[in-house]
Amino acid sequence: MKAMNTKLEQRQKIRYRIRKKIAGTAEKPRLAIFRSNSDIYAQLIDDTKGFTLASASSRDKDISAQKGTKVEKSKLVGQAVARKAKELGIAKIVFDRGGNLYHGRVKAVAEGARESGLEF
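Quick note: the sequence shown uses full-length UniProt numbering, first residue 1, plus one each step.
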């Protein structure tokens with residue numbers, strides 16, 4: 001009888017499955033999301049060079065100083081990463097949810113980025 005995978009192993013499998021299909025370029029980088037229990041991190045990555053173009057997290061001073069729920073802070077992270085992308089002249093991205101469900105904090109980051117003008 002085969003042992004069941006832990007929740008972390010299951011998420012890792014989903015993550016690899018997503019990464020097989022998507023990759024970021026310099027013109028259309030990948031918006032990668034990492035969600036821990038307390039914080040959320042977003043990076044714009046150029047996979048051709050293996051280089052992070054911009055990043056934002058809920059631990060940044062301007063975001064962590066705000067009062068609000070984790071979902072509200074996640075939306076601010078999406079807006080912050082979109083603002084940094086605009087400064088770099090990036091308008092279109094590929095979204096990588098990192099094996100998490102497109103729900104709650106991950107969805108809030110995506111909505112925040114969309115509202116600030118990123119297309120994906």
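Every residue, glycine too, gets a C-beta built ideally from N, C-alpha and C.
Measuring CA to CA, which of Ile18, Ala91, Ser57 and Gly104 is closest to lysine 28?
Of Ile18, Ala91, Ser57 and Gly104, the residue nearest in Cα terms is Ala91.
Glutamine 43, DSSP secondary structure in three states
Three-state result, glutamine 43: strand.
In DSSP terms, what phenylalanine 95 is bridged to
Phenylalanine 95 is bridged to Leu31.
Could you check what DSSP says for alanine 65 in three-state terms: helix, strand or coil?
The answer is coil: DSSP assigns alanine 65 none of H, G, I, E or B.
Return the CA-CA distance between alanine 26 and alanine 113, expressed in angstroms with no decimal places.
C-alpha separation (whole angstroms): 18 Å.
Bounding residues of the alpha helix (DSSP H) (the contiguous stretch that carries serine 74)
Annotation: the continuous alpha helix (DSSP H) that includes serine 74 extends over 70 to 87.
Arginine 17: buried (16+ other C-beta within 10 angstroms of its C-beta) or exposed?
Per the 10 Å Cβ criterion, exposed.
May I have the straight-line CA-CA distance separating aspartate 60 from glycine 104, to the nearest angstrom?
A straight line joining the alpha-carbon of aspartate 60 with that of glycine 104 spans about 20 Å.
Close-in-space but distant-in-sequence residues of the same chain around isoleucine 14 (CB under 7 Å, 5 per side omitted):
Taken in chain order, the residues that qualify are Gly99.
Closest to residue 187 by C-alpha separation, out of Gly78, Ala85 and Lys20, would be which residue?
Limits of the chain in this structure are 1 at one end and 120 at the other, which puts residue 187 out of reach.
Let me check one thing: in DSSP terms, what residues is alanine 26 bridge-paired to?
Beta-bridge pairing links alanine 26 to no other residue.
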